[in-house]
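Trainee:
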Amino acid sequence: MKRIYFAPLLILTFSLVSCKQEIKETLQQYSRVEGQTMGTTYHIVYDAPASLKDEIDSLLVKFNNSVSTYIPTSTISKSNKSATSYCYPRTEDQFFIESLSRALEIAKETDGYFDPTVMPLVNYWGFGYGERKQVQQPDQNVLDSLKSLVNYKGIGILGKNDSICIFKERPGMQIDLSASAKGHGVDVVASMLASLGIENYMVEIGGEIVTSGVNEKGDAWVIGINKPTMGAGLDEVQLPVNLSEKAMATSGNYRNFYESGEIVYAHIVNPKTGLSYPSDILSASVIANDCLTADAYATACMVLGLEKSIKLIQAHPDLDACFIFANEDKSDFKYYLTEGFKQRIDSTIVENLFK
740 MKRIYFAPLL ILTFSLVSCK QEIKETLQQY SRVEGQTMGT TYHIVYDAPA
790 SLKDEIDSLL VKFNNSVSTY IPTSTISKSN KSATSYCYPR TEDQFFIESL
840 SRALEIAKET DGYFDPTVMP LVNYWGFGYG ERKQVQQPDQ NVLDSLKSLV
890 NYKGIGILGK NDSICIFKER PGMQIDLSAS AKGHGVDVVA SMLASLGIEN
940 YMVEIGGEIV TSGVNEKGDA WVIGINKPTM GAGLDEVQLP VNLSEKAMAT
990 SGNYRNFYES GEIVYAHIVN PKTGLSYPSD ILSASVIAND CLTADAYATA
1040 CMVLGLEKSI KLIQAHPDLD ACFIFANEDK SDFKYYLTEG FKQRIDSTIV
1090 ENLFK
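When the letters of the sequence shown are read in order and numbered with our numbering, they come out as residues 740 to 1094.
1) Grab me the residues of Asn939's own chain with a C-beta within less than 6 Å of its C-beta, minus the 5 sequence neighbours each way, in chain order.
2) What are the residues that DSSP puts in a beta bridge with Lys1073?
3) Can you find the residues in the same chain that come closer than 6 Å, C-beta to C-beta, to Ala986, ignoring five residues on each side of it along the sequence?
4) Do the stretch 1003-1020 and the stretch 1035-1043 touch if we need at least three Cβ pairs shorter than 8 Å?
5) Quick check on this structure: which residue in Val889, Phe1064, Leu982 has the alpha carbon closest to the alpha carbon of Gly1079?
6) Based on Cα-Cα distance, which residue from Gly865, Ser884, Asp883 lies nearest to Gln875?
7) So, with DSSP's three-state summary, where would you put Asp901?
8) Does the stretch 898-909 come close enough to the stretch 919-932 to have 3 or more Cβ pairs within less than 8 Å?
9) The beta strand (DSSP E) that contains Ile1084, what's its start and end?
10) Measuring CA to CA, which of Val928, Pro967, Lys966, Val961 is closest to Asn803?
11) Would you check if the distance between the CB atom of Ser1024 and the CB atom of Ile964 is smaller than 7 Å?
12) Please report the distance separating the alpha-carbon of Phe753 from that of Ile783.
13) Decide if Arg841 is buried, meaning its Cβ has at least 16 other Cβ atoms within 10 Å, or exposed.
14) Return helix, strand or coil for Gln879, following the three-state DSSP convention.
15) Alpha carbons only, please: which of Phe853, Gln768, Gln913, Asp796 is nearest the one belonging to Pro788?
16) Using the Cα positions of Ile962 and Ala822, report the straight-line distance between them to the nearest angstrom.
17) Tell me the DSSP bridge mates of Lys907?
18) Identify whether Thr765 lies in helix, strand or coil by the three-state DSSP scheme.
19) Could you tell me which whole alpha helix (DSSP H) segments of length 4 or greater appear in the stretch 764-827?
20) Just mark Arg871 as buried or exposed, buried being the case when its beta carbon has 16 or more other beta carbons within 10 Å.
21) Take the Cβ of Asn819 as the centre, count every other Cβ of all protein chains shown within 10 Å, and call the residue buried at 16 or more, exposed below.
22) Could you please give the first and the last residue of the uninterrupted alpha helix (DSSP H) stretch that includes Thr1012?
23) Run through the DSSP bridge pairs and tell me what Leu978 is partnered with.
24) Report the option in Pro967, Ala1005, Lys1094 whose CA atom is closest to the CA atom of Phe1062.
25) Between Thr776, Thr1087, Ile815, which lies nearest to Pro979 when the distance is taken from Cα to Cα?
26) Under DSSP, the alpha helix (DSSP H) around Thr950 begins and ends at which residues?
27) Any beta carbon of chain B sitting closer than 7 Å to that of Lys1011?
28) So, helix, strand or coil for Leu935, using DSSP?
Next up, the structure:
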């Protein structure tokens, strides 16, 4: 029986193969846990008989208490409430500084098209922790004022003795790690499984995923990229991808958006312009060695648009990507795949994509 895990943006599927007796024996050792976290769901499969749900849930609660802007007492919320600096004991929280440090690195690598200080703009458009409002008519004066608070270069980190301090160049600057937090959460859970000696696993949170080893049938993990259309069912697979020993994240604006008149406003905000209009990319999937990186780069590509995203990915040979976009009359999909991404998809499927 084919098992399908339904998750936002990615559909997790396991291919059917004839199993040898020893693989059938390992089938009994795989466990599955699922639940809710970060406003979405998680699905985890791993090669061990014991349930680790309590440990996983506890770890994810700790992670959320670090990086979630929806929790007023989280480390990130405390930092955002501070005027220009916030210090906390190093032993109090290990995740926030890891997530922020890597986010700032990727902001530099993407020339600020991924920017963890975009929070004021995200709140303005109604996609943040603030009031869930819909903007009817954007106020350019307000946008210009908020854009002045968005600048990853204005964030400083200082570790001194037993404390970590976050410095902000201007009062009102706020940090938002939601564009990479799910990916980082995936990495955190995967690291826990690996520390327990578990070699075969698949960890998925909200569509961001990392795999190791083989699935319960003894095959490589196969992940399905969802059809990038508004209203598409979560079981509508567009591309099946072999994701052995890698992480993949997919970003798209076809689930979290709203319409005002004839204008569509999407949850991914351009830090440069302050606008939340969708780019010409419908879906951006990025494969990397870790899921935080994949998550952040997928977001950056959605902001950049097709032409600039291709150049960005080509400049980073450690990354592979698949961009799905519409043809000229918007009647069908077109694709851009790096060579490494093509190698993870059945050759017949690839040939059909470019006919």
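All residues carry an ideal CB built from backbone N, CA and C; glycine is no exception.
Mentor: For this structure:
1) Asp786, Gly952, Val953
2) Phe1064
3) So the list reads Val949, Ala1027, Asp1029, Cys1030, Ala1033, once near-sequence residues are dropped.
4) yes
5) Leu982
6) Gly865
7) coil
8) no
9) Note, Ile1084: premise wrong, no beta strand (DSSP E); not H, not E.
10) Val928
11) yes
12) Note that Phe753 has pLDDT 40, beneath the 50 cutoff, so the model's placement of it is unreliable and no number is given.
13) buried
14) helix
15) The residue with the shortest Cα to Cα distance from Pro788 is Gln768.
16) 44 Å
17) Ile894
18) Because Thr765 carries a pLDDT of 43, less than 50, the predicted location of this residue cannot be relied on, and the following value inherits that uncertainty. Helix at Thr765.
19) 792-806, 814-820
20) exposed
21) buried
22) Segment: none, Thr1012 is in no alpha helix (DSSP H) and carries neither H nor E.
23) Ile964
24) Pro967
25) Thr1087
26) Thr950 -> not in any alpha helix (DSSP H); beta strand (DSSP E) instead, spanning 947-951.
27) Any reference to chain B falls outside this structure, which holds one protein chain only.
28) coil
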